[in-house]
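Below is one structure, written out as structure tokens; comments come after it.
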Amino acid sequence: MSKQGKNSTTKVNPSSPENPNQPESEEGKKGKDKKVDFKIPEGKKLTQSVPEGFDPEKHNVLKKVDFEKGAHYLQHRAFINRTRSAGLLKQAADYDKKAERMLKFKDEKTAKKVKKIERLQSTLADLTKQLSEAGIDVKEILAGVAETPAPATEAAKG
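Encoded structure:
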């Protein structure tokens, strides 16, 4: 008899032959591409912290053995950390903005309505610009809409 209890479950490797339709990792589900190694000519060592053509979004972080001097590697790591922290700081600012908005409007329904009207206003501004560039007087059109009485609804009749 096995040491495992009745209720134990066996985990299957997602990329195993028993489970061929599963993506190999969680990143595969999100559609993110994996990073690739930066190509360094064979037998050469890097002499600068950020080599020409290196993109931290596309390439894996370089290793200490890739550099001629340890100082270049440390500068490379500093560059990578600054790049990552810039993204985190932007994300933190977005969270702060969202929190301030939630506090300002007190409830979620009101905040959603405000966001909707801001999107509509942005769309209206874009359309107004496009029509103005086409030589159409948008103010005249909007004035005509404001003068037209609203149609009666079933709720108002009843």
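Sequence positions in the sequence shown follow this note's numbering and run 5 to 162. The C-beta atom is built at its ideal place from N, Cα and C for all residues, glycine as well.
Nearest-angstrom Cα separation, counted from residue j out to residue i
i    : j    : result
S136 : E72  : 60 Å
V142 : T132 : 6 Å
V118 : M106 : 11 Å
G32  : R123 : For G32, the predicted model reports a pLDDT of 46, less than 50, meaning its position is unreliable and no value from the coordinates is stated.
T114 : H80  : 47 Å
L146 : L128 : 11 Å
G91  : E56  : 22 Å
E28  : Q125 : Bear in mind that a pLDDT of 49 at E28, under 50, signals an unreliable position, so the number given afterwards is only what the model happens to contain. Distance between the alpha carbons of E28 and Q125 is about 43 Å.
K201 : S89  : Within the shown structure, residues of the chain are numbered from 5 to 162, placing residue 201 beyond reach of any answer.
N64  : D100 : 31 Å
E112 : D130 : 27 Å
S144 : I121 : A small correction: the amino acid at residue 144 is Glu; Ser does not occupy that position in the sequence shown. Cα to Cα, the separation comes out at about 22 Å.
V149 : K116 : 26 Å
A103 : A97  : 10 Å
I140 : L93  : 43 Å
Integer Cβ distance of residue i from residue j, believed to fall under 8 Å
i   : j   : result
K38 : K62 : In fact, because the Cβ distance is near 10 Å, the residues do not count as touching under 8 Å.
G74 : K68 : 7 Å
Delimiting residues of the alpha helix (DSSP H) encompassing residue i
i    : result
F109 : G74 to F109
K116 : E112 to E137
CB contact flag (residue i, residue j, <9 Å)
i   : j   : result
P60 : I44 : no
D70 : F42 : yes
H76 : Q52 : yes
Spatial neighbours of residue i in its chain, beta-carbon cut-off 6 Å, leaving aside the 5 residues before and after
i   : result
V54 : F83
L78 : none
R86 : none
F58 : F42
Beta-carbon contacts of residue i that lie in its chain and below 8 Å, excluding the five residues immediately before and after
i   : result
E46 : none
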